[in-house]
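Working notes, beginning with the structure itself.
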Amino acid sequence: MKIGITCYPSMGGSGIIATELGIKLAERGHDIHFITSNIPFRIRKPLPNITFHQVEVNQYSVFQYPPYDITLSTKIAEVVNEYDLDLLHMHYAVPHAICGILAKHMSEKDIKIMTTLHGTDITVLGYDHSLKNAIKFGIEGSDIVTSVSQSLADQTKEIIETDKDIVPIYNFVRENEFPTKPTIPTEKNEKLKSCYGIKPEEKVLIHVSNFRSVKRIDTIVDTFAKVHKQIPSKLLLLGDGPELMNVKKQARSLNLEDKILFLGKQNWVSDFYQISDIKLLLSEKESFGLSLLEAMKTGVVPIGSTAGGIKEVIKHNETGYIVNVGDSEAASKYAIELLTKPELYKSMQEKMLTDVSERFSSELITDQYEYYYKKMLEGYND
Numbered sequence: 001m002k003i004g005i006t007c008y009p010s011m012g013g014s015g016i017i018a019t020e021l022g023i024k025l026a027e028r029g030h031d032i033h034f035i036t037s038n039i040p041f042r043i044r045k046p047l048p049n050i051t052f053h054q055v056e057v058n059q060y061s062v063f064q065y066p067p068y069d070i071t072l073s074t075k076i077a078e079v080v081n082e083y084d085l086d087l088l089h090m091h092y093a094v095p096h097a098i099c100g101i102l103a104k105h106m107s108e109k110d111i112k113i114m115t116t117l118h119g120t121d122i123t124v125l126g127y128d129h130s131l132k133n134a135i136k137f138g139i140e141g142s143d144i145v146t147s148v149s150q151s152l153a154d155q156t157k158e159i160i161e162t163d164k165d166i167v168p169i170y171n172f173v174r175e176n177e178f179p180t181k182p183t184i185p186t187e188k189n190e191k192l193k194s195c196y197g198i199k200p201e202e203k204v205l206i207h208v209s210n211f212r213s214v215k216r217i218d219t220i221v222d223t224f225a226k227v228h229k230q231i232p233s234k235l236l237l238l239g240d241g242p243e244l245m246n247v248k249k250q251a252r253s254l255n256l257e258d259k260i261l262f263l264g265k266q267n268w269v270s271d272f273y274q275i276s277d278i279k280l281l282l283s284e285k286e287s288f289g290l291s292l293l294e295a296m297k298t299g300v301v302p303i304g305s306t307a308g309g310i311k312e313v314i315k316h317n318e319t320g321y322i323v324n325v326g327d328s329e330a331a332s333k334y335a336i337e338l339l340t341k342p343e344l345y346k347s348m349q350e351k352m353l354t355d356v357s358e359r360f361s362s363e364l365i366t367d368q369y370e371y372y373y374k375k376m377l378e379g380y381n382d
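Next up, the structure:
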């Protein structure tokens, strides 16, 4: 198949999944065309069967703002015609699904469109009345719509008020990007811990996000404060965003400045998971929680909140623990139990690794997308 993919090329979860899916499809022999504003950051070298088409927006005084959406639509139509694409896979309803629909009308063929919903386009933009109808148009104008969790599919139907069939297809991580950490610490891992002042006897908790208020990093810090009172430990905070200074202030107020490491944005998150024991994701909104899956694939046992798709990723009491949003007391209790009972940790870790390989493998998820691509080309449309 000849497949066009449009996504945000940055480090967000949607861009990661779109890019990794494109790479997997290319490895299977499909002809993949990324149509974006820049090369997706996960494409680090030339890859067979992958072509990148850059969308360049010219500045004209007649426009108050650069017309990216129109330029993107035009570029997609050009690529569809020039390379005779079979289908488009648009990641996000706005603006990408709408641009795909416009490009379809501009092009010379009746190209099929799949749209994948990742969360923000529904849980944030869906409440904006100026965008709700546009989102609904993008969804209902697509041949097939998928979402990264059942929770997001349900939210979409409720918020957008659409009868469109939405197929949940989970996210995945590329196995070679997140290798499972060895049972016995390696020299590399011990050296990394030493570089950050982490003592051999200290346990490591980790959180990775964009530091927005919905991530509830204040609850993360409260949880760690309770854990640290009983167990020698460090908290790694990877990321940046609007809540950074508030979190630093909270750390100072709890006298934990030297125990919480603010490491900023990191390209090689896997290296930090390799030295971590507990993954915390206690958000109040989370459509899936890709960072959870990355940590779990590496062998880090998670504690998550009841928000959105988190409870679909973690099987409570089997592959990790689930707590109510804001409940640092329960989260710390579970963390202390895991960190003080090696046999419990090992048992849960083994179940977790098995579950990840069975439900979230890159081969399984790619199979599911291929199945629906073929259904589209056969004329399927709910």
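Sequential numbering from 1 applies to the sequence shown in the UniProt record's numbering.
C-beta atoms are modelled at their ideal positions from N, C-alpha and C, and glycine is treated no differently.
Distance, residue j Cα to residue i Cα
| i | j | result |
| --- | --- | --- |
| R174 | V62 | 45 Å |
| V247 | K181 | 29 Å |
| D218 | L293 | 22 Å |
| S253 | E161 | 45 Å |
| G241 | G13 | 15 Å |
| C99 | K2 | 18 Å |
| V204 | G239 | 17 Å |
| Q230 | L344 | 18 Å |
| K191 | S276 | 14 Å |
| residue 402 | K226 | With the chain covering only 1 through 382, there is no way to say anything about residue 402. |
| L364 | F224 | 35 Å |
| K193 | L263 | 13 Å |
| M348 | K259 | 26 Å |
| R44 | E329 | 42 Å |
| E158 | Y170 | 20 Å |
| Q59 | S73 | 17 Å |
| A26 | I32 | 6 Å |
| A295 | G197 | 21 Å |
| K341 | M245 | 35 Å |
Residue range of the unbroken beta strand (DSSP E) whose run includes residue i
| i | result |
| --- | --- |
| M114 | 112 to 117 |
| M1 | Premise fails: M1 is in no beta strand (DSSP E) and is neither H nor E. |
| S233 | 233 to 238 |
| L281 | 278 to 281 |
| P256 | At residue 256 the sequence reads Leu, which differs from the Pro that was named. Note, L256: premise wrong, no beta strand (DSSP E); not H, not E. |
| H89 | 87 to 91 |
| T146 | 144 to 147 |
Proximity below 8 Å, CB of residue i to CB of residue j
| i | j | result |
| --- | --- | --- |
| I122 | L88 | no |
| A331 | L256 | no |
| E318 | K351 | yes |
| H91 | T116 | yes |
| L35 | I76 | Looking at the sequence provided, one finds Ile at residue 35 rather than Leu. Their beta carbons are under 8 Å apart, which means I35 touches I76 by this criterion. |
| P40 | P9 | yes |
| T366 | K24 | yes |
| K297 | F178 | yes |
| E312 | Q155 | no |
| Q54 | N38 | yes |
| L21 | Y369 | yes |
| R212 | G326 | no |
| I278 | L353 | no |
| E56 | N81 | no |
Supposed close pair residue i, residue j - CB separation, criterion 8 Å
| i | j | result |
| --- | --- | --- |
| L235 | L261 | 7 Å |
| R42 | I70 | So it is not a contact: roughly 27 Å between Cβ atoms. |
| Y273 | V300 | 5 Å |
| G289 | G309 | 6 Å |
| D86 | M114 | Not really, about 11 Å apart at Cβ, beyond 8 Å. |
| I135 | A93 | 5 Å |
| I184 | K164 | About 51 Å; that fails the 8 Å criterion. |
| V269 | V208 | 6 Å |
| H118 | S287 | 6 Å |
| G29 | A97 | Not confirmed; about 27 Å, so no contact. |
| A251 | K285 | The Cβ separation is near 23 Å, so there is no contact. |
Limits of the alpha helix (DSSP H) - the one that residue i falls within
| i | result |
| --- | --- |
| V79 | 68 to 83 |
| L25 | 13 to 27 |
| H105 | 98 to 106 |
| F211 | Counting along the chain, F211 falls outside any alpha helix (DSSP H), and DSSP gives it neither H nor E. |
| S270 | 269 to 273 |
| V94 | Counting along the chain, V94 falls outside any alpha helix (DSSP H), and DSSP gives it neither H nor E. |
| V167 | Premise fails: V167 lies in the beta strand (DSSP E), 166 to 168, not in any alpha helix (DSSP H). |
| K193 | 187 to 195 |
| V221 | 217 to 230 |
| T156 | 150 to 160 |
| S10 | No alpha helix (DSSP H) contains S10, which DSSP labels as neither H nor E. |
| G138 | 129 to 140 |
CB contact below 8 Å: residue i versus chain C
| i | result |
| --- | --- |
| G22 | The question asks about chain C, but that chain is absent: this structure has only one protein chain. |
Original post:
What are the complete alpha helix (DSSP H) segments, minimum 4 residues, inside the stretch 35 to 62?
Top reply: No alpha helix (DSSP H) of 4 residues or more sits fully in the stretch 35 to 62.
Subject >> Complete alpha helix (DSSP H) runs within the stretch 284 to 365 (minimum length 4 residues, chain order) >> reply: For the stretch 284 to 365, whole alpha helix (DSSP H) runs of length 4 or above, ordered along the chain, are 290 to 298, 310 to 313, 328 to 340, 342 to 359.
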